[in-house]
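So, in structure tokens, the structure goes:
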């Protein structure tokens with residue numbers, strides 16, 4: 016709108032993942048004019064002083080994007096399973112699958128796959144850091160669990176193309 020406008024970028028991409036240092040562009044569009052300027056994003060000197068490199072932050076970004084895709088896939092599977100449970104609330108197969116995927120709303124219950132995946136996402140998403148091998152290995156384990164569980168859900172409910180195509184690499 017006309018007048019003074021302000022925009023603050025939190026250095027996150029459209030998926031909500033913090034981008035690594037690098038060259039970006041800022042684009043301003045009005046009715047008749049489009050202006051583009053380079054916007055270099057630099058590493059925080061405090062982070063660099065701790066021994067974290069730009070390559071480390073790129074690895075963190077790549078990891079966080081993979082985990083974000085996994086979170087999305089697990090959420091889609093959870094939605095699909097909950098919808099099926101609404102239609103067939105007493106189906107033992109669906110309830111067994113739900114027990115693997117979802118956490119019972121009871122204090123100190125065993126966390127389901129969804130809880131493990133979202134915890135992993137939160138563990139590496141909010142601090143500039145070198146990604147630990149344990150986080151990368153945990154991602155691989157959770158990804159395999161997701162693929163196995165998705166296959167089991169597909170066997171019970173039939174294949175679903177929207178979750179089939181959401182497998183992270």
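Numbering (the numbering used here), first residue to last: 16 to 184. Glycine included, C-beta positions come from ideal geometry on N, C-alpha and C. The structure displayed is predicted, hence computed values, not measured ones.
{"Check": "Need the endpoints of the beta strand (DSSP E) that residue 60 sits in, please.", "Outcome": "From DSSP, residue 60 is part of no beta strand (DSSP E) but of the alpha helix (DSSP H) over 60-64."}
{"Check": "With distances taken Cα to Cα, identify the nearest neighbour of residue 108 among 45, 24 and 168.", "Outcome": "168"}
{"Check": "Nearest by alpha-carbon distance to residue 61: which of 175, 144 and 161 is it?", "Outcome": "144"}
{"Check": "State buried or exposed for residue 32, treating a residue as buried only when at least 16 other CB atoms are found within 10 Å of its CB.", "Outcome": "buried"}
{"Check": "What span of residues does the alpha helix (DSSP H) with residue 134 cover, start to end?", "Outcome": "128-140"}
{"Check": "Between which residues of its own chain and residue 79 is the CB-CB distance below 7 Å, once the five residues before and five after are set aside?", "Outcome": "32, 139 and 140"}
{"Check": "Could you check the C-alpha separation between residue 136 and residue 41 for me, to the nearest Å?", "Outcome": "28 Å"}
{"Check": "Based on Cα-Cα distance, which residue from 102, 83 and 106 lies nearest to residue 131?", "Outcome": "83"}
{"Check": "Taking residue 67 as the reference, give the member of 110, 124 and 142 with the closest Cα.", "Outcome": "142"}
{"Check": "Since residue 37 sits in a beta bridge, which residues does DSSP pair it with?", "Outcome": "56"}
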